[in-house]
Structure formats: structure tokens, C-alpha cells
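In what follows, a structure is listed as C-alpha cells, so that the remarks can point back to it.
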Amino acid sequence: MHTSPQPRTHRHPVLLGLVEALRIDLITVPATFVIATVFWLIGLGSQLPYSIIPEWAFALWGVVHGLSVSTMGFDFSLAPSLITLGVWFFFAAGAKRLVAGITEAEFDDIGDASWWKKIIVALATYVIAYAGPLVTLTLLLGEGALTPLGFLRLALMLLSASAAGFLWVRGLDDIPRLPDLDHDAWEVGARLVKRLLWGSAFLSVLVIAAGIVLRWDELAESLQAYSSPLSAGVGLLIIQILFAPGILFAALSWVGGTGVNVGAGDLSSVFHPVPGPVPHVPVLQLLVGDYPAWTQAAPVLLVLLGVLSVIVGRDHARQVMAASWAGLGIAAVKLFVVLQILAIFARGAMGPLGLSVFGPSPLTSAVVMTAWLVLGMTGGLVLTRLSDMQGGSSTSGDQDGFDDEPFGGIADERDVDYYDED
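Under the numbering used here, the first residue of the sequence shown carries the number 1195, and numbering increases by one thereafter.
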């Protein structure tokens, strides 16, 4: 007796998007309430009502996504970038599950071309169902403000994470015109960008460490302003870790010459340090004050990083040389997009004390840093080509002496005649 298989039931893409949005909400919203409660307990809990906890929670939820909020007279729009990056990965993983689920369900319907529309509907529902409550609750309960930059950052965060989830599953083949690109050049460009980003993070850490060494006495004196310097140092370290990606980008902008805006004054950079009072936070103290004259050569470090990203590793250097200028062009475009998003999220308000405008310029910092790094990559590719030409000439000479067929054939014939005569 044969039984017919049970028909598969697939959930509607709108329902799938709602479920994924709810899953992220169940992670982020309780986490913000826990953090807000901790702040209320260790801060001004004895002087503030319980009702301040949900206000802080929804304000924190909005700030993490780049929105602008104002609470207790403080303006905040600078996202804690490490938490923002974590939420971005959560959102990208949800988009990946959506695309993978719809793709797997459509394997049964080979001739059905509606899978593309279903993915678009699911991802659009995912974005709207998450962003809608976020914006509403932030504006109504979190004292949020309607600012174009805040909505731009929210859109960039959610749309880039959705695109990353799609590319994670489907790749480039389903995107018009992108399949025409050279896959080898695309892979080489992606590896170059990874190297440059990790190298930039390492370079930023070195620059901050060098600044701490050069300005150690001033930083130690600044911490003495707190009643408990040790506790203040530990607390400030934790806060600075939460803002680590933005801090590292600001360090690169300071090194590259585009500078960092500290309050309402001029941009402070390696070429033009700006004197002036700032809050007693180590990374802020490093942005003001004088440095030795030799520090003005710091942009060379970005060029050197670009060179090393190309030439380090023999196999990698050969792949970059094979991809040629197409690989470098793809790497430059990808790098600029990533740096531009970082620049937008690294700028904002940090409360009172003149820090209503803080961070690198989103219009120039990514452009200049990309230019420095591309200059280094260009030099690295030229060096690799010159080295290969020199090595190739000697190798071809050796091959002409031993493996060239006319001479090799004559030598073989002579050997045969010699042994025949014996």
C-alpha cells in the first residue's frame, strides 16, 4: 500500500520576517532594560524614580542604532560602536536565516521564479517590523529626536546587515551585472580589505599606545580629578571598550590628517593639535595638546600599511599581481564603503561640556584614509611586478639554457649517436 507524501506547508514570507524581528527584539530589549537598571542602581537610584528606567532603556536602544536622544539634559547620538557591531551581526544572522529558509523551500519548485520576490518581501518585513517599534518607542519613551543623520545611520545599519545576510547565502550570482565581474579579482579584493581592516585596527592600537606613552604624565594627572582614580580608570576603560571601533577610526583619522572634532573648536589632527579643555577621559585627552614634530610623519604609516597588505605573503602577492588593477579597484571601493559607514557612526554628541559635536568628519575622513591606503597598495603592486619581472627574467634565462627544444633535441641526438658508436 503506497501512501502519498504529505504536502509541505511553507510559511508566508511576511510571517517569517515578523518572527525574525521578534527574535531580535527578545534579545535587544531585555538587554537594554538590564543595563538601564544597573545604571539606576549604581548611579542616582536613590534620587530618581523607577520610571526613568524604561526611558533610559529605550534611549539606549535607539542610540545603539545611531538615533539621537536627549535625557536628563544630556544629548547623545554617538553610538557605542562595539554594541552596534554586535547588533549588526545579530541582524545579519537573522537575514541569513530568512534567505536560507526561503531558498531551501523553493528547491521543490524548480520552475517557480517567485523566490526572489519572497526574499524581498521577507527582508522588507524584517526591516520594517524591527525598525518601526524601535523608532516609535525611542521617540515616545526614550526622548528621541528626529534627525536626518540618525535615520541615515539606522537605515545603513539595517540595510547593510540585510544585504550581508543575502550575500552570505546567495552570493553574487543573483545580482545583475555583478556575475560579470572577475571572481578572482573579487576574491583578491575581499582578502585585501580584510587585511587592511585588521591592519588598520592594529595600527590604531599602536598609535593610541604611543600617545599614552608620550602623554603619560598628563593622563595620570587628569585621572587625579576623580575621588577614586583607580575605580575611575577601570570604569572609563570599560566605557572606552564599548566605543572601541569608533575610537580606532578616530585614531586613524587623527593620523591621516583629517582630524577629529572635539566640541565646537577646530579639528585636531597630527598636523594641527588643538589645545583646550576636554572631559577627563584618556582617549579625549590624547586628542588635544602638543606632540613632538616627528609625529607629523604619521600618515606614512597608512601608506606603509597599504604596501604591506599587498606584498606580505608570497602566494598572496602573486594573487594580487594576477588580479592586477581590477583587484585593487574592487578593494578600494569595498574599503571606502566600510570606512564611510564607520565614519558616519563615529560622529555624534556625547552630552554636555562642549562635546555636542564630536568625531571625525564623515565627508573627508573616509576619502583621505582610503586615498592613503590605495597609494600604498599601488606601490605594493608596482613593487611586486618589478620583483616578478626580475625573477621572471632569470628564470626564463635558465629555461632557455636547458629546456629550449632545439638545443635540447640536438643534445639528445648527440648522446644517442655517441652510445651507438660504442
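C-beta atoms are modelled at their ideal positions from N, C-alpha and C, and glycine is treated no differently.
Asked                                                                                                                                                                      : Found
Taking its Cβ as the centre, do 16 or more other Cβ atoms sit within 10 Å of Ile1538, making it buried, or is it exposed?                                                  : buried
Within its chain, find whatever has a CB closer than 8 Å to the CB of Pro1201; leave out the 5 residues flanking it on each side and keep chain order.                     : Residue placement at Pro1201 cannot be trusted, given a pLDDT of 42 that sits under 50; what the coordinates show is reported in the next sentence. Taken in chain order, the list of residues that qualify is empty.
From Ile1277 to Leu1436, what distance separates their C-alpha atoms?                                                                                                      : 7 Å
What does the alpha-carbon distance come out to for the pair Gly1405 and Ser1421?                                                                                          : 25 Å
State buried or exposed for Lys1290, treating a residue as buried only when at least 16 other CB atoms are found within 10 Å of its CB.                                    : buried
Could you compute how far the alpha carbon of Ala1253 sits from the alpha carbon of Gly1338?                                                                               : 7 Å
Quick one: what does DSSP say Thr1297 is sitting in, helix, strand or coil?                                                                                                : helix
Rounded to whole angstroms, what's the CA-CA distance from Trp1519 to Phe1283? Just pull it up for me.                                                                     : 31 Å
Excluding the five sequence neighbours on either side, which residues of its own chain have a C-beta within less than 8 Å of the C-beta of Arg1579, listed in chain order? : Met1515
Taking the C-alpha atoms as reference points, what is the distance between Trp1362 and Lys1528?                                                                            : 16 Å
Enumerate in chain order the residues of its own chain whose CB-to-CB distance from Gly1574 is below 6 Å, with the five nearest sequence positions on each side excluded.  : Val1501, Val1504 and Ile1505
Under the three-state reduction of DSSP, which class applies to Phe1268: helix, strand or coil?                                                                            : strand
Under the rule that 16 or more other beta-carbon atoms within 10 Å means buried, what is Gly1570, buried or exposed?                                                       : buried
Going by beta-carbon coordinates alone, are Val1456 and Val1468 separated by less than 8 Å?                                                                                : yes
Determine the direct distance from the alpha carbon of Met1351 to that of Leu1328, and round the result to whole angstroms.                                                : 13 Å
Using the Cα positions of Leu1242 and Phe1227, report the straight-line distance between them to the nearest angstrom.                                                     : 16 Å
Considering only the alpha carbon of each residue, which of Gln1418, Ser1581 and Pro1493 lies closest to Leu1567?                                                          : Pro1493
Let me check one thing: in DSSP terms, what residues is Pro1439 bridge-paired to?                                                                                          : DSSP output for Pro1439 lists no bridge partner at all.
Please tell me whether Ser1550 and Gln1479 are closer than 8 Å, where the distance is taken between their beta carbons.                                                    : no
For the beta strand (DSSP E) holding Val1456, just list the boundary residues, first then last.                                                                            : Val1454 to Val1456
Taking its Cβ as the centre, do 16 or more other Cβ atoms sit within 10 Å of Ser1581, making it buried, or is it exposed?                                                  : exposed
Given Asp1234, which residues of its chain have a CB within under 6 Å of its CB, disregarding the five upstream and five downstream residues?                              : Looking at the sequence provided, one finds Trp at residue 1234 rather than Asp. The residues are Ile1247.
Indicate whether Phe1443 and Pro1554 have their beta-carbon atoms separated by less than 8 Å.                                                                              : yes
Are Ala1355 and Ser1398 closer than 8 Å when you measure CB to CB?                                                                                                         : no
For Lys1388, does the count of other Cβ atoms within 10 angstroms reach 16, so buried, or fall short, so exposed?                                                          : exposed
In its own chain, which residues sit with a C-beta less than 8 Å from the C-beta of Gly1393, not counting the 5 before and 5 after it?                                     : Leu1499, Leu1502 and Ser1503
When the distance is taken between beta carbons, is Phe1530 closer than 8 Å to Ala1560?                                                                                    : yes
Following the continuous alpha helix (DSSP H) through Phe1227, name the residue where it begins and the one where it ends.                                                 : Pro1207 to Ile1236
What does the Cβ neighbour count give for Ala1517, buried or exposed, with the cut at 16 atoms within 10 Å?                                                                : buried
Mind reading off the beta-carbon distance from Gly1141 to Val1382? Whole number of angstroms is fine, and I expect it under 8 Å.                                           : Residue 1141 falls outside the range modelled here, since the chain spans only 1195 to 1616, and no answer is possible.
Taking DSSP as the reference, what is the three-state secondary structure of Pro1617?                                                                                      : With the chain running from 1195 to 1616 in the structure shown, residue 1617 is simply not present.
So Met1351 is in the alpha helix (DSSP H); what residue range does that whole segment cover?                                                                               : Pro1342 to Arg1364
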